[in-house]
Structure formats: structure tokens, C-alpha cells
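Heads up, the thing below is written out as C-alpha cells.
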Amino acid sequence: GRELNIKYIKIKLKYHKSTLKFTKKMMKQNIIVLVFITASVGLAVHANSIKPVPSTEMNPFVVGGVSVKIEDYPFVVVCYNYGSFSCGGSILNENWVLTAAHCTCQKIQWGVTFRNASGPNMVDVVQSVRYPGWTSYQRDDVQLLRLAEPIVFGKNAQPVKLPRPQWEVQGDSFNTPSAVLGWGYDSNGYLPLNLQRGDYFVINNTDCQRIHQGIAAVYDFNCCNGVKGGGVADCNGDSGGPIVTWIDGQLVEYGVVSWSVKPCVNPTFPAVGTKTSHYVDWISQTTGIPLEQLTV
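If you want it as C-alpha cells, here you go:
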């Protein structure tokens with residue numbers, strides 16, 4: 001089950017070369033990463049059996065993103081592991097940050113538009129609490145980080161709001177706007193320092209499950225986002241970051257970036273996150289933040 005279909009890899013490399021204009025170095029890295037993930041996670045890669053991958057490992061872009069300022073999204077934070085940028089996250093209160101369970105975060109950086117591991121507002125993570133029973137990025141992919149010292153709230157740092165328990169986006173796919181925020185690679189293959197926003201639409205779970213049938217499981221606690229024809233995606237470095245939409249005119253984190261099918265601009269497959277509304281009770285109980293303070 002750990003074989004590698006060489007023909008499939010060549011097809012993917014040709015796709016990247018023609019559509020994203022990867023450099024030879026980037027294409028070489030893609031092969032190395034693909035082999036590593038296949039060997040370590042046990043994914044059998046076939047042309048007729050595409051597998052999902054977490055946004056930290058295989059999918060390299062916030063494709064189609066635009067540069068934004070932290071003042072407009074003051075709840076977004078950067079996660080670092082051994083000094084290297086690893087994931088995104090969001091502020092719940094001065095002591096707790098929300099991210100994905102498959103992320104590894106030793107430090108976070110708050111209040112910055114431009115991420116910088118030697119920059120200001122770096123705080124150690126003293127406790128990581130993954131959702132009980134978490135084993136895979138496809139299930140229960142949420143994690144809480146307790147900080148060594150409190151975040152100082154101001155125009156560059158504010159807590160995010162979450163939806164109430166079991167809240168769901170209603171209506172047909174591509175009707176409700178959403179957005180992902182993070183510092184993942186851009187469409188030119190560069191890792192931007194500037195915070196990026198990719199604009200989406202919500203895809204309902206019925207449609208998302210149908211699209212992924214035979215490829216990957218999409219559960220009720222997942223959320224799906226995309227644009228018709230592709231071109232916008234969350235990818236490497238975006239895991240753990242917020243997927244936001246609007247409830248009663250207020251920006252709310254309704255999802256945590258989790259995984260997508262490679263390539264991340266694949267027009268067939270939406271990006272998949274984890275619905276915060278299915279975990280907000282656990283978040284409240286674990287952090288001690290009252291529900292009425294967490295939610296809208």
C-alpha cells in the first residue's frame with residue numbers, strides 16, 4: 001500500500017510547470033515531499049485515487065490571495081516550530097489560541113502583518129490541548145494553545161468570535177461568502193511575509209461529500225469552501241488559520257483550515273476545514289471562556 005505511481009507524479013509535475021510555472025527547485029521539492037508523505041503516512045498515490053493532504057505538508061499556496069493588514073483581522077496569529085513558520089491560528093482570549101490539531105506550535109506571534117521569527121510579540125506555548133481522540137487531520141482537527149504570557153489587546157490584537165454551538169451555514173453552495181487568512185505560499189511559489197486573504201464561497205456539506213466521494217471522507221463537522229473553476233485555495237502554511245464568514249454583520253471564525261486535495265487550486269475539489277460550531281462547547285470548557293463571551 002506504500003507504492004508510488006511514477007506516471008501520476010509526472011502528470012502532476014507537468015501540470016505545475018505549465019500552470020504555476022514552478023522553478024526546477026520547487027518541482028524537485030514537490031517530489032521529495034510527495035515521497036516523504038507517502039512513506040510516512042502510508043498514502044498510496046494513484047492516478048485514479050487522489051488522496052487528501054493536510055495544508056501544512058503538501059499544498060503550497062494561499063493561491064489567489066491578496067495582502068491585508070493585521071488591523072483588519074487582529075485575531076490572526078503566526079505559529080512557529082523550532083524557529084520555523086508552521087501554521088496559522090486565532091486569538092480566543094489573552095491566554096488561549098485556536099489552531100489545527102495536526103499543527104505543531106512552540107511559539108506564537110501576535111499583532112503582526114509581516115511575520116518574522118525574530119520580530120516582536122513572540123510568546124511561548126506552555127500547553128497544547130488537542131481534541132480528545134484526535135488521530136488524523138481529517139477528523140477532529142482542532143487544538144488549543146495556552147500561552148506563557150498574556151496577549152496585550154489593542155488595534156493589532158483582538159479575540160475572534162465563534163458561532164454558537166451547532167450553527168450551520170444555510171442555503172445552496174456558492175451563495176455565502178467566506179475567506180481564509182494566513183501566510184502560506186502564494187501562486188508564484190513564494191512564501192509571503194505579508195498576511196494574505198483568500199476569498200471563497202461556502203460549499204454545503206451535501207455537495208462537498210458528493211464531490212469527494214471515493215477520494216476522501218467529509219464529515220458533518222467539516223466545512224468546505226471554494227470558488228467555481230478554482231484559483232483560490234488554502235495550502236502550505238495556512239493550516240490552523242481561520243476561515244471566516246459573516247453572522248449578523250459580524251466577522252466570525254466558522255472554520256479552521258485543515259486539508260485539501262492536491263493541487264490546491266484543483267477546481268474539482270473544495271478546501272476542507274473543521275467547523276468551530278461543533279467544538280465550541282469543548283473550547284469553552286477547556287479554556288474556561290464563557291460561551292457568551294466566545295460566540296455571537
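The letter at position 288 of the sequence shown is residue 288 when you use the UniProt record's numbering, and the numbering goes up by one with no holes. We treat Cβ as the ideally placed atom computed from N, Cα and C, and that holds for glycine.
What's the C-alpha gap between residue i and residue j?
| i | j | result |
| --- | --- | --- |
| Ile91 | Pro120 | 16 angstroms |
| Thr287 | Gln127 | 11 angstroms |
| Gly255 | Val125 | 22 angstroms |
| Val112 | Asn156 | 7 angstroms |
| Trp110 | Arg210 | 38 angstroms |
| Gly182 | Val76 | 8 angstroms |
| Thr99 | Val280 | 13 angstroms |
| Asn204 | Ala216 | 16 angstroms |
| Cys223 | Ile283 | 18 angstroms |
| Tyr200 | Ser173 | 11 angstroms |
| Glu168 | Val129 | 25 angstroms |
| Glu94 | Gln138 | 29 angstroms |
| Val252 | Ser178 | 10 angstroms |
| Leu191 | Val296 | 34 angstroms |
| Thr276 | Ser118 | 31 angstroms |
| Leu294 | Pro242 | 15 angstroms |
| Ile289 | Ser84 | 30 angstroms |
| Trp270 | His212 | The question names Trp, yet the displayed sequence has Pro at residue 270. Approximately 9 angstroms between the Cα atoms of the pair. |
| Ser260 | Val202 | 14 angstroms |
Exposed or buried, which one is residue i when buried takes at least 16 other CB atoms within 10 Å?
| i | result |
| --- | --- |
| Pro74 | buried |
| Thr268 | exposed |
| Gln285 | exposed |
| Asn175 | exposed |
| Lys69 | exposed |
| Gly198 | buried |
Please go through the same chain and pick out, in chain order, the residues whose beta-carbon is closer than 6 angstroms to the beta-carbon of residue i, but skip the five residues on each side of it.
| i | result |
| --- | --- |
| Asp140 | Tyr131, Trp134 |
For residue i, which residues does DSSP report across the bridge?
| i | result |
| --- | --- |
| Phe114 | Asn194 |
| Ile289 | Partner(s): none; Ile289 has no beta bridge. |
| Cys87 | Cys79 |
Who are the near neighbours of residue i in its chain, counting only those whose CB is closer than 7 angstroms to its CB and skipping five residues on each side?
| i | result |
| --- | --- |
| Ser194 | Here residue 194 turns out to be Asn, not Ser, going by the sequence shown. Ser67, Thr113, Phe114, listed in sequence order. |
| Cys79 | Ser86, Cys87, Gly88, Gly89, Thr99, Cys103, Cys105, Ile108, Gly240 |
| Ala148 | Val123, Asp124, Val126 |
| Pro165 | Ser277, Val280, Asp281 |
Taking 8 angstroms as the CB-CB cut-off, is residue i touching chain B?
| i | result |
| --- | --- |
| Thr176 | Absent from the structure: chain B. Only one protein chain is present. |
Might you give, ordered along the chain, the residues of its own chain that have their beta carbon closer than 8 angstroms to the beta carbon of residue i, omitting 5 neighbours on each side?
| i | result |
| --- | --- |
| Thr274 | Ala100, Asp140, Asp141, Val142, Phe221, Asn222, Cys223, Gly255, Val256, Ser258 |
| Gln196 | Val62, Gly65, Val66, Ser67, Val68, Leu181, Gly182, Trp183, Gly184, Asp186 |
| Val41 | Low local confidence applies: a pLDDT of 30 at Val41 is under 50, so the model's placement there is unreliable, with the coordinate-based value given in what follows. Same-chain partners within the cutoff: there are none. |
**OP:** Taking only runs that begin and end inside the region 196-232, name each unbroken alpha helix (DSSP H) of 4 or more residues, in chain order.
**Re:** 205-211
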